[in-house]
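**Student:** The numbering used here puts the first residue of the sequence shown at 12, with every later residue one more than the last. Note that beta-carbon positions come from the ideal geometry of N, C-alpha and C, so glycine has one too. Everything numeric in this text was worked out from a predicted model, so none of it was measured. Got a structure here, written out as structure tokens. Questions coming.
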Amino acid sequence: MLRRETRGEDIMSERKVRQLTRREAIGLVGGAGVSLITAARLGGPVAAWQGGSARKLSFPKGAVVRTLLKDLQPETLVNGATLFHEHFSIDLPPITPRPANAPPPTPNLTKDLNLMIDEAKAAIKDGVACIVDGGHPDMGTDLEFLKQLTTRSGLPIVASGGVYMQRRRTATVRMVRLVRCRTRR
Numbered sequence: 012m013l014r015r016e017t018r019g020e021d022i023m024s025e026r027k028v029r030q031l032t033r034r035e036a037i038g039l040v041g042g043a044g045v046s047l048i049t050a051a052r053l054g055g056p057v058a059a060w061q062g063g064s065a066r067k068l069s070f071p072k073g074a075v076v077r078t079l080l081k082d083l084q085p086e087t088l089v090n091g092a093t094l095f096h097e098h099f100s101i102d103l104p105p106i107t108p109r110p111a112n113a114p115p116p117t118p119n120l121t122k123d124l125n126l127m128i129d130e131a132k133a134a135i136k137d138g139v140a141c142i143v144d145g146g147h148p149d150m151g152t153d154l155e156f157l158k159q160l161t162t163r164s165g166l167p168i169v170a171s172g173g174v175y176m177q178r179r180r181t182a183t184v185r186m187v188r189l190v191r192c193r194t195r196r
């Protein structure tokens, strides 16, 4: 049974199950039809989305994709998808403290290197050419773990940077932002 952590109430009891009205159903079907017609008329973009090539991609001279292990020429990645905002390594603490009587937390699967290697290899088989890991150091992202993962799986990984959320910023980062804001006036 689904329960809210904060109040222990049944979520399902707060939602009323309802059926679509005839008008809503017709609207959904009509919207789907418009989408199909639009897709048929925009054959080029749809073909590109489906893996076909509407036109040859070109990149500026000297462009690189900076992965954890080495810089790659963008042309080496055009035959597969680049997935942005994935998390092969993340270890965020819970937003609210766990109650004393709560069951133990489930294991963090992103700490299992062999499992993540299997996932990366499966992604390659499914046509993925590169992953952009959306984690940051303040989210518990482990760059050494990601380096082992990319080395052992063969899947290029780009690491992102920055700070996850304002509440996770360190005092130093908050002070630097404050000083920058005041000096821009």
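Let me know if PRO71 comes out buried or exposed under the rule of 16 or more other beta-carbons within 10 Å of its beta-carbon.
**Tutor:** For this step, residue 71 is matched to residue 60 along the sequence shown. With fewer than 16 Cβ atoms within 10 Å of its Cβ, PRO71 is classed as exposed.
**Student:** If you measure between the beta carbons of GLU86 and GLY145, is that distance less than 8 Å?
**Tutor:** Your numbering for residue 86 matches position 75 in the sequence shown. Your numbering for residue 145 matches position 134 in the sequence shown. No, Cβ-Cβ distance for GLU86 and GLY145 is not below 8 Å.
**Student:** Tell me the DSSP secondary structure of THR121 in three-state form.
**Tutor:** On the sequence shown, residue 121 is found 110 positions in, with the first residue counted as 1. Note: THR121 maps to helix in three-state DSSP.
**Student:** In whole angstroms, give me the CA-to-CA distance for PHE95 and LEU166.
**Tutor:** The residue labelled residue 95 in the question sits at position 84 within the sequence shown. The residue labelled residue 166 in the question sits at position 155 within the sequence shown. When rounded, the distance between both Cα atoms is 13 Å.
**Student:** For LEU103, which of helix, strand or coil comes out of DSSP?
**Tutor:** Along the sequence shown, one-based indexing puts residue 103 at 92. Here LEU103 sits in coil by DSSP.
**Student:** Which residues in the same chain as GLU130 place their Cβ atom closer than 8 Å to its Cβ, once the five residues preceding and following it in sequence are excluded?
**Tutor:** Counting from one through the sequence shown, the residue named residue 130 turns up at place 119. Excluding residues within five positions, the ones whose Cβ falls inside 8 Å are PHE99.
**Student:** I'd like to know if the stretch 151-160 and the stretch 120-137 are in contact, where contact means that at least 3 CB-CB pairs between them fall below 8 Å.
**Tutor:** Yes: the two stretches touch, three or more of their Cβ pairs being nearer than 8 Å.
**Student:** Just the C-alpha distance for ILE106 and VAL89, rounded to the nearest angstrom, thanks.
**Tutor:** Here residue 106 is taken as the residue at index 95 of the sequence shown, counted from 1. Here residue 89 is taken as the residue at index 78 of the sequence shown, counted from 1. Computed Cα separation, rounded: 39 Å.
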